[in-house]
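Okay, structure first, notes after.
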Amino acid sequence: MSRSDAETTLAAYYAAFNAGDPAGMLALVTDDVEHRVNEGGIRHGRAKFAEFCAHMGVSYREELRDLVIFANDDGTRGAAEFTVHGEYLQTDPGLPEARGQRYVLPAGAFFDLQGGRIARITTFYNLSDWVAMVSA
Numbered sequence: 702m703s704r705s706d707a708e709t710t711l712a713a714y715y716a717a718f719n720a721g722d723p724a725g726m727l728a729l730v731t732d733d734v735e736h737r738v739n740e741g742g743i744r745h746g747r748a749k750f751a752e753f754c755a756h757m758g759v760s761y762r763e764e765l766r767d768l769v770i771f772a773n774d775d776g777t778r779g780a781a782e783f784t785v786h787g788e789y790l791q792t793d794p795g796l797p798e799a800r801g802q803r804y805v806l807p808a809g810a811f812f813d814l815q816g817g818r819i820a821r822i823t824t825f826y827n828l829s830d831w832v833a834m835v836s837a
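Every number in the working numbering is 701 more than the matching position in the sequence shown, counting from 1.
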């Protein structure tokens, strides 16, 4: 896989995210994908990632803007930086009550890629900043 191939795969992943297309996202991950979320546990496998996507689609409406994608020369690692523009739709356990609050939050992600698919997703954002935004 080349740098260009990795960047194309990651761009397709984020295009599917912005389109609200979890099936499109799932098509781009390996069967044994490792999903690491900021201040959360590790999900292993496509089924667990699908559960996460379904939950996110109910609790949040998000669009990623200002997307910049990076990849190493051999296309095995990648990163993305973006701004999340979102709306908090349904209360997540342990988080503030959802009332349709809007938020804008800088975030980023790191990836491992294998065989043209995403094998690891590690996402970072400042949870304290998000809580402050939806609590105001």
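Just so you know, even glycine gets a beta-carbon here, dropped at the ideal spot from N, CA and C.
Range of the contiguous beta strand (DSSP E) that encloses residue i
{"i": "Pro807", "result": "803–815"}
{"i": "Arg762", "result": "761–772"}
Backbone CA spacing between residue i and residue j [nearest angstrom]
{"i": "Tyr789", "j": "Gln802", "result": "5 Å"}
{"i": "Leu814", "j": "Pro794", "result": "32 Å"}
{"i": "Leu711", "j": "Ser836", "result": "32 Å"}
{"i": "Arg762", "j": "Met702", "result": "32 Å"}
{"i": "Ala820", "j": "Glu735", "result": "6 Å"}
{"i": "Arg800", "j": "Ala772", "result": "38 Å"}
{"i": "Ala808", "j": "Thr784", "result": "6 Å"}
{"i": "Ser705", "j": "Asp732", "result": "23 Å"}
Extent of the continuous alpha helix (DSSP H) run through residue i
{"i": "Glu646", "result": "The question about residue 646 has no answer, for the chain in this structure spans 702 to 837."}
{"i": "Asp733", "result": "Looking at the DSSP string, Asp733 is not in any alpha helix (DSSP H); the run it does join, the beta strand (DSSP E), is 730–737."}
{"i": "Gly787", "result": "Careful: Gly787 lies outside any alpha helix (DSSP H), inside the beta strand (DSSP E) at 778–789."}
{"i": "Ala724", "result": "723–727"}
CA nearest to the CA of residue i, picked from the options
{"i": "Met757", "options": "Thr792, Asp767, Asp732", "result": "Thr792"}
{"i": "Asn719", "options": "Asp706, Leu765, Arg800", "result": "Leu765"}
{"i": "Thr709", "options": "Gly776, Ser760, Val738", "result": "Gly776"}
{"i": "Arg747", "options": "Asn827, Asp830, Ile822, Leu828", "result": "Ile822"}
Residue environment, residue i, which counts as buried when at least 16 other CB atoms sit within 10 Å
{"i": "Val832", "result": "exposed"}
{"i": "His745", "result": "exposed"}
{"i": "Ala781", "result": "buried"}
{"i": "Ala755", "result": "exposed"}
{"i": "Gly787", "result": "buried"}
{"i": "Gly816", "result": "exposed"}
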